Amino acid sequence: MTDWTPSAHEVERRQIRNSQRRRTVLQATVVTVVVFGVLTAVVVRSPGWPRVHETFFSGYHARHSFHEILKGFWVNVRLFLICEPCILVLGLAVALARQARSAWLVPLRLVAVVYTDIMRGVPTLLLVILLAFGMPALQLQGIPNSPLFWSGVALIVSYGAYVAEVFRAGIDSIHPSQMNSAAALGLSRAQAMRHVVVPQAVRRVVPPLLNDFVSLQKDTALVSSVGVFDAVFSATDYGNFNFNFTPLVVVAGFFVVCTVPLARLCDWLQRRWTERERAGAL
Amino acid sequence: MTTSGTDPLVEVTDLRKTYGDKVVLADIDLAVDREDVVCLIGSSGSGKSTLLRCLNLLEQIDDGVISFDGVEISDPRVDPRAVRKRIGMVFQAFNLFPHLTVLDNCVLAPVRVHHVARREAVARATDLLARFGLSDQVDKHPDRLSGGQQQRVALVRALCTRPELLLLDEITAALDPELVGDVLTIVRDLAEAGTTMVLATHEMSFAREVATKVCFLDGGRILEQGPPAQLLVDPEQERTRQFLRRVLPPSG
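Right, here's the structure in full:
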């Protein structure tokens with residue numbers, strides 16, 4: 000078998016495949032260049048472009064606001080990094096509570112249902128304002144008063160409800176035969192959930208979870224509405240002072256730069272799982 | 000082997016297929032005439048399924064030529080969909096679409112691919128389903144059916160497009176013995192009606208009864224091919240004899 004060399008026919012076939020591939024690449028390149036070229040031309044040649052360019056894309060203002068925004072963005076990043084794991088835990092806990100079948104856990108199930116229903120219904124911005132201004136106003140002893148802390152809590156509570164629903168959908172999508180075969184092996188319902196159903200469900204819901212987290216990254220900007228000096232607050236502050244909106248574009252750039260690597264990481268994870276589990280399958 | 004006046008419907012010469020370094024099929028030569036029933040036998044992993052999947056271009060081959068109705072279909076310039084339109088395939092795991100009813104499973108391809116009027120496609124499907132004893136299941140979803148029923152639906156789904164060639168990939172392997180009979184009866188009827196088929200199977204007695212040609216695959220090669228009366232009873236190769244001894248009931 001090692002002495003095999005492609006036949007003349009196969010060599011020709013490969014050449015045809017290669018030229019087909021080249022043609023596809025060429026087509027794609029031409030189409031891409033034309034589409035983006037036209038779009039750019041339309042924007043740049045529009046009558047208001049010089050004005051827009053000056054107000055939104057000024058290099059001078061971008062440079063001068065950069066440092067303040069970076070400092071503010073660090074608040075967003077920390078908020079996100081702390082909230083994300085809390086949301087995952089809360090979301091999964093709520094999803095599992097809704098799936099629980101034990102009679103003892105009925106009150107818990109009820110709480111979980113009411114929680115998701117209400118928290119998904121309330122706009123996140125309102126939740127941030129309510130908690131950040133309302134909780135300190137209670138003047139309770141021993142709880143933090145900072146708006147940053149309470150807006151973080153608001154984000155966790157709000158996104159926890161979304162993520163719980165994502166997890167629940169994932170758990171529901173695992174075929175009942177998996178539960179049956181786990182039960183047949185003698186696993187308890189909790190064990191089956193923990194070792195069989197949830198691991199599969201989590202993999203399946205990575206893309207929608209990512210979606211929620213990108214959304215969360217952006218919604219950390221809501222803290223600016225309760226006076227926390229984050230990136231958006233710094234940018235509007237600078238903009239109001241200098242009559243220039245460039246800093247807002249800079250902030251947008253910051254958020255994009257943060258979300259893209261996260262998306263690529265998730266793609267890579269998914270590909271690895273698929274390759275490992277579906278190797279050679281139909 | 001079979002030399003009739005007309006060209007064979009399918010002709011495979013020197014087919015080779017690899018997955019990376021692993022050679023899955025090598026030096027495959029096979030001719031399928033119209034109304035032929037070719038049975039591929041051999042142990043798991045011998046390349047039977049891969050060969051079937053090569054025939055309807057689900058796999059890209061690494062060398063050799065596959066011709067269908069006198070045209071080389073392994074040419075990259077050939078549109079694979081045009082080829083697959085004329086070939087039906089049934090899988091071991093049924094692969095029915097769980098979100099569609101039995102009827103919609105059967106009507107999908109005729110309507111969307113072959114542009115048959117829906118009314119006519121429905122009539123054709125209902126007729127076939129009735130013939131296969133599935134009249135009561137028409138509006139159910141596949142998961143509600145038993146394995147044997149599902150596999151019969153899968154057969155009907157493949158037949159609804161009136162394929163010139165039917166590829167059956169171990170279609171009884173996932174069924175219990177009682178249901179195997181149901182499905183094989185249908186395949187036998189199809190064979191008698193003159194349907195051209197290539198099937199991978201572990202049912203030796205069925206192969207002996209229905210096949211016009213049997214191919215024994217081992218390690219990705221066709222070690223031996225011939226009419227069932229010869230190959231299954233008096234094979235030339237020792238390896239074939241060994242395989243048959245293991246799979247055939249002792250009575251022979």
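Line order of the protein sequences matches chains A and B.
Positions 0 to 281 (numbering that gives the first Met the number 0) are the ones given, in order, by the first sequence.
Positions 0 to 251 (numbering that gives the first Met the number 0) are the ones given, in order, by the second sequence.
For glycine and all other residues, C-beta sits at the position ideal for the given N, C-alpha and C.
From a predicted model like this one, the values you see are computed outputs, not experimental measurements.
Nearest neighbour of residue 98 of chain A by Cα position, chosen from A:172, A:126, A:252, turns out to be A:172.
The DSSP-derived three-state label of residue 64 of chain A is helix.
Each residue's CA atom was taken as its position, placing residue 166 of chain A and residue 204 of chain A some 7 Å apart.
Taking a C-beta distance under 9 Å as the contact criterion, residue 173 of chain B and residue 92 of chain B qualify as a contact pair.
By the CB criterion at 9 Å, residue 117 of chain A and residue 237 of chain A fall outside the cutoff. Our two residues, residue 46 of chain B and residue 12 of chain A, have alpha carbons roughly 23 Å apart in a direct line. For residue 15 of chain A, a Cβ of chain B is located within less than 9 Å of the residue's own Cβ. Here residue 56 of chain B is buried: its Cβ has 16 or more other Cβ atoms, across all protein chains shown, within 10 Å. The Cβ-Cβ distance between residue 56 of chain A and residue 248 of chain A falls below 9 Å.
Here the C-alpha atom of residue 54 of chain A lies approximately 42 Å from the C-alpha atom of residue 90 of chain A.
For residue 244 of chain A, the CB contacts under 8 Å within the same chain, skipping 5 residues up- and downstream, are 54, 55, 238 in chain order.
Counting along the chain, residue 116 of chain B sits inside no alpha helix (DSSP H), nor does DSSP assign it H or E at all. Rounded to the nearest whole angstrom, the CA to CA distance from residue 123 of chain B to residue 184 of chain B is 20 Å. Residue 176 of chain A does not reach chain B, its nearest Cβ partner there being about 10 Å away, counting only Cβ pairs nearer than 9 Å. For chain A, the residues of the segment 59-85 of chain B that bring a beta carbon within less than 8 Å of one of its beta carbons are 61, 62, 63, 64, 73, 74, 75, 76, in chain order. Going by DSSP, residue 171 of chain B is part of no alpha helix (DSSP H) at all; its letter is neither H nor E.
Taking all protein chains in view, the Cβ of residue 212 of chain B is crowded by 16 or more other Cβ atoms within 10 Å, so the residue is classified as buried. In this structure, B:99 is the residue among B:158, B:99, B:224 with its C-alpha nearest to the C-alpha of residue 137 of chain B. Contact annotation, residue 225 of chain A with residue 128 of chain A: C-beta distance approximately 6 Å; criterion of less than 8 Å satisfied.
Between residue 195 of chain B and residue 35 of chain B the beta-carbon gap is near 6 Å, inside 8 Å, which marks them as a contact. The beta carbons of residue 209 of chain A and residue 86 of chain A sit no closer together than 9 Å.
Residue contact check for residue 25 of chain B against chain A: a CB pair falls below 9 Å. DSSP, reduced to helix, strand and coil, places residue 165 of chain B within a strand of the structure shown. Each of B:33, B:94, B:125 was checked against the Cα of residue 8 of chain B, and the nearest Cα belongs to B:33.
As DSSP reads the structure, residue 12 of chain B sits in a beta bridge with B:64. For residue 87 of chain B, there is no enclosing alpha helix (DSSP H); the enclosing beta strand (DSSP E) covers residues 86-89. Its Cα nearest to that of residue 151 of chain B, the residue B:186 stands out among B:166, B:117, B:186.
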